[in-house]
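In the numbering used here, the protein residues as written are 262 to 505.
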């Protein structure tokens, strides 16, 4: 009999924003796996702090590399591919006789690390994915302003993109959510300025989490920001309004 692996989307960071299904699965899990940087507790594990069974067995999947080498290098690709291959084998072997819950911040199918395991696990065991509120959703709610109106086009961009590409996308879209900022923040700021959007931009750090901060990007001179930070530009599109 094939076992089962369930990846649970935990939402943007506040445990109260987990789905009822995610909460139930996490609290009942006998085996729990999660990604983390070596030497760190891991954000996914922090979200479920105090929720796991006392006898739950934890499987920390520690990234062999994060920002130490360029993400677009052949070495980075080879190291990460080997890492995901190894954990695919380990989780599939475990799932032969156990149900394994894999934790994932935000939504697993929205830039989540579990996607790299999901493709490799096909045919090895049953895999289920529980959706979660995305991190960017939590961040734009933290601003207290709707992100889109009417016919607005929302573009989700990665701060790792070349600066010229960022500028092009920023000029075309009505609303923007820019992820993977971190050390790319100066490049993102320059691109927004070139696109004429800097004065509209907000930086949201640790949205829905302890230490949340919401500031106008133009009012900062930061060279980087936390990993859990997103730059937002709100749309200003069509909406019903009374004629004056």
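Backbone N, C-alpha and C define an ideal beta-carbon position, used for all residues, glycine too.
Taking the alpha helix (DSSP H) that residue i belongs to, which residues open and close that run?
| i | result |
| --- | --- |
| residue 422 | No alpha helix (DSSP H) contains residue 422, which DSSP labels as neither H nor E. |
| residue 495 | No alpha helix (DSSP H) holds residue 495; DSSP gives it neither H nor E. |
| residue 453 | 446 to 455 |
| residue 441 | Run containing residue 441: none; DSSP gives neither H nor E here. |
| residue 278 | No alpha helix (DSSP H) holds residue 278; DSSP gives it neither H nor E. |
Using C-beta distances below 6 angstroms, list every residue in its chain close to residue i, excluding the 5 sequence neighbours before and after it, in chain order.
| i | result |
| --- | --- |
| residue 304 | 366 |
| residue 279 | 271 and 272 |
| residue 390 | 268 and 369 |
| residue 462 | 453, 478, 492 and 494 |
Give the straight-line distance between the Cα atoms of residue i and residue j, rounded to the nearest whole angstrom.
| i | j | result |
| --- | --- | --- |
| residue 352 | residue 464 | 37 angstroms |
| residue 501 | residue 396 | 29 angstroms |
| residue 466 | residue 313 | 27 angstroms |
| residue 442 | residue 422 | 10 angstroms |
| residue 431 | residue 494 | 9 angstroms |
| residue 335 | residue 373 | 21 angstroms |
| residue 455 | residue 406 | 24 angstroms |
| residue 473 | residue 382 | 36 angstroms |
| residue 412 | residue 433 | 13 angstroms |
| residue 310 | residue 287 | 10 angstroms |
| residue 262 | residue 350 | Because residue 262 carries a pLDDT of 49, less than 50, the predicted location of this residue cannot be relied on, and no value is offered for it. |
| residue 415 | residue 361 | 35 angstroms |
Less than 7 angstroms between C-beta atoms, sequence neighbours within five positions excluded: which residues of the same chain meet that for residue i?
| i | result |
| --- | --- |
| residue 348 | 322 and 378 |
| residue 487 | 466 and 467 |
Please say whether residue j and residue i have beta carbons closer to each other than 8 angstroms?
| i | j | result |
| --- | --- | --- |
| residue 400 | residue 266 | no |
| residue 215 | residue 318 | This structure gives no information on residue 215, because the portion of the chain shown stretches from 262 to 505. |
| residue 417 | residue 403 | no |
| residue 344 | residue 325 | yes |
| residue 294 | residue 363 | yes |
| residue 489 | residue 274 | yes |
| residue 408 | residue 496 | yes |
Could you tell me how far apart the beta carbons of residue i and residue j are, in whole angstroms, since I believe they sit closer than 8 angstroms?
| i | j | result |
| --- | --- | --- |
| residue 468 | residue 448 | About 21 angstroms separates the two Cβ atoms, so there is no contact after all. |
| residue 498 | residue 356 | About 46 angstroms separates the two Cβ atoms, so there is no contact after all. |
| residue 444 | residue 485 | 5 angstroms |
Which residue comes first and which comes last in the beta strand (DSSP E) that contains residue i?
| i | result |
| --- | --- |
| residue 397 | Note, residue 397: premise wrong, no beta strand (DSSP E); alpha helix (DSSP H) at 396 to 403. |
| residue 320 | 318 to 324 |
Please return the same chain residues whose Cβ sits closer than 8 angstroms to the Cβ of residue i, not counting the five positions on each side in sequence.
| i | result |
| --- | --- |
| residue 358 | 264 |
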